[in-house]
Each structure stands twice: as structure tokens, then as C-alpha cells.
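Undergrad:
In my numbering, the protein residues as written are 67 to 176.
Written out as C-alpha cells, the structure is:
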């Protein structure tokens, strides 16, 4: 059908997935990891589509404060003009881990 970028392949292409191409739905029936080819069946009509279930974890090290983020205080007991520090933005090295746990079948129109 088409090439899919490697970084995105496990998110879109897995056994049992529905895959849309030019408005048509195909079912992924198997994967050949040695040749990097997905075998599909279709086009088919289904009353569902699939969506991957994943978990993303972000680990940071040596994060540095980008700038303090102050907003007006809404506390009734705070003095007029008081401000409070909120979750400020940080920058620095980070590692992102994405685990693919499975997929869900969802009814079309949801």
C-alpha cells in the first residue's frame, strides 16, 4: 500500500490493526520483521477501527528552570497583588520511553 516511517510503524502497523489508505480500510493480518513488510487483507468494510494503547514515560536529568511562572493569587486571604509560583517550565536533557501495550477496537463514529 505504502511505506510507513520506521519510528511510527509500531504505532500504526500491528497484527489486527485496521489501516486506512486513500479512504479504504485494510486489516493487518501478519508482519514479516525480517523484510519489514506488513501483510494486509482488503479493502474491507468494518464497523470498528483500532487504536494503539501505549504508555509514555519521560525521564529528566539536570533539568533547569527556564523562567519562573508567577500568576495572581486567587486566595481570599492573600494580600492584594499577591502572586503564586506555578509549575514552571524547565529545560534540559530528557529521555522518552514509549511502551506499546496492545490495541483497542472502537466503534466507528466514536
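Even glycine gets a Cβ: it sits at the ideal position worked out from N, Cα and C.
Counting C-beta neighbours from all protein chains within 10 Å, is the total for residue 177 16 or more, i.e. buried, or is it exposed?
TA: As shown, the chain starts at 67 and ends at 176. That puts residue 177 outside it, with no answer to give.
Undergrad: Give the C-beta separation of residue 97 and residue 84 to the nearest angstrom, bearing in mind that I take them to be a contact with Cβ-Cβ under 8 Å.
TA: In fact, because the Cβ distance is near 15 Å, the residues do not count as touching under 8 Å.
Undergrad: Go ahead and pull the three-state DSSP assignment for residue 125.
TA: strand
Undergrad: Is the distance from the Cβ of residue 95 to the Cβ of residue 110 below 7 Å?
TA: no
Undergrad: When you compare only the Cα positions, how much space is there between residue 158 and residue 107?
TA: Rounded to whole angstroms, residue 158 to residue 107 spans 45 Å at the Cα level.
Undergrad: Do residue 163 and residue 118 come within 7 Å of each other at the CB atom, strictly closer than that value?
TA: If you check the CB distance, residue 118 and residue 163 do not come in under 7 Å.
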